[in-house]
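Visitor:
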Amino acid sequence: MVYSMLVHSLCSGGTLDSLLTITRNSDDKKAVAGAFLQLSEEVQGSEFQRSYDFARQACVLYKQLNDIKGMARSYFNMGYALTDLGKLDESLNNYLLSLDLFSQAGDKLGEGKALNDIAYIYQYQGNQQEAMKYYKQAL
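The sequence shown begins at 12 in my numbering and counts up by one.
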């Protein structure tokens, strides 16, 4: 609750500066992890390496907090960035980790997104059989 109020109040415009302020000035690990995750999403379509780095920093904090859903979202974002960077094997590993964690957290939407992106990687790599297996599970 504190995290969402802090992030909402400081970045209602979604600015990178506001999120970076949280990462530098907050003593609340959950708020900092959430800000790093949001930063990852803010730059996702344009700054692939930076998106990955922010997601990785979020993941480190979520691991310290034992926050399964936060770790799942972090691994998912890392997978997304790695796909954009052309590192498909690493991307696949991150998506598989996120799938396991989303499953542990009972997050069906997260599972579906991970399954879909895993299928995409297999399809892109030419492994149609594995792609279809994961696309069917995503339904």
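Built from N, CA and C at the ideal position, the CB exists for glycine as well.
1) Tell me the start and end of each unbroken alpha helix (DSSP H) in the stretch 19–89 that is at least 4 residues and wholly inside, in chain order.
2) For residue 97, name the three-state secondary structure that DSSP assigns.
3) From residue 110 to residue 87, what does the alpha carbon distance come to, in whole angstroms?
4) In this structure, does DSSP put residue 121 in helix, strand or coil?
5) Considering only the beta carbon of each residue, do residue 99 and residue 135 sit closer than 8 Å?
6) Any idea if residue 26 is buried or exposed, counting beta-carbon neighbours within 10 angstroms, 16 or more meaning buried?
7) With 16 other CB atoms within 10 Å as the buried threshold, where does residue 82 fall?
8) Does the beta-carbon distance from residue 85 to residue 69 come in below 8 Å?
9) If distances are taken between C-alpha atoms only, which option among 120, 127, 139, 29 comes closest to residue 80?
10) Quick one: grab the DSSP three-state call for residue 134.
11) If you drop the 5 nearest sequence neighbours on each side, which residues of the same chain put their C-beta closer than 7 Å to that of residue 90?
12) Tell me the rounded alpha-carbon separation between residue 62 and residue 33.
13) Using the Cα positions of residue 47 and residue 133, report the straight-line distance between them to the nearest angstrom.
14) Taking the C-alpha atoms as reference points, what is the distance between residue 143 and residue 137?
Guide: Here's the rundown:
1) 27–36, 40–53, 59–76
2) Within the sequence shown, residue 97 is the residue found at index 86, counting from 1. Looking at residue 97 - three-state DSSP - the assignment turns out to be coil, as it is neither helix nor strand.
3) Taking the sequence shown and counting its residues from 1, the one referred to as residue 110 is at position 99. Taking the sequence shown and counting its residues from 1, the one referred to as residue 87 is at position 76. C-alpha separation (whole angstroms): 8 Å.
4) To locate residue 121, count along the sequence shown from 1; it is residue 110. Residue state, collapsed to three classes: helix.
5) In the sequence shown, counting from the first residue as 1, residue 99 sits at position 88. In the sequence shown, counting from the first residue as 1, residue 135 sits at position 124. Closer than 8 Å, so yes.
6) In the sequence shown, the residue the question calls residue 26 occupies position 15. Residue 26 comes out exposed.
7) As a first step, residue 82 must be located in the sequence shown, where it is residue number 71. It is buried - the Cβ of residue 82 has at least 16 other Cβ atoms within 10 Å.
8) For the purposes of this step, residue 85 is taken as the residue at position 74 of the sequence shown. For the purposes of this step, residue 69 is taken as the residue at position 58 of the sequence shown. Yes.
9) Within the sequence shown, residue 80 is the residue found at index 69, counting from 1. Among 120, 127, 139, 29, the Cα nearest to that of residue 80 is on 120.
10) As a position in the sequence shown, residue 134 is number 123, starting the count at 1. Helix, per DSSP.
11) Counted from its first residue, the sequence shown places residue 90 at position 79. These residues qualify, in order along the chain: 102, 105, 106, 109, 128.
12) As a working mapping, residue 62 is identified with position 51 in the sequence shown. As a working mapping, residue 33 is identified with position 22 in the sequence shown. Cα to Cα, the separation comes out at about 17 Å.
13) One-based indexing of the sequence shown puts residue 47 at position 36. One-based indexing of the sequence shown puts residue 133 at position 122. For residue 47 and residue 133, the distance between alpha carbons rounds to 29 Å.
14) Here residue 143 refers to the residue found at position 132 when the sequence shown is read from its first residue. Here residue 137 refers to the residue found at position 126 when the sequence shown is read from its first residue. If I take the Cα positions, the gap works out to 11 Å.
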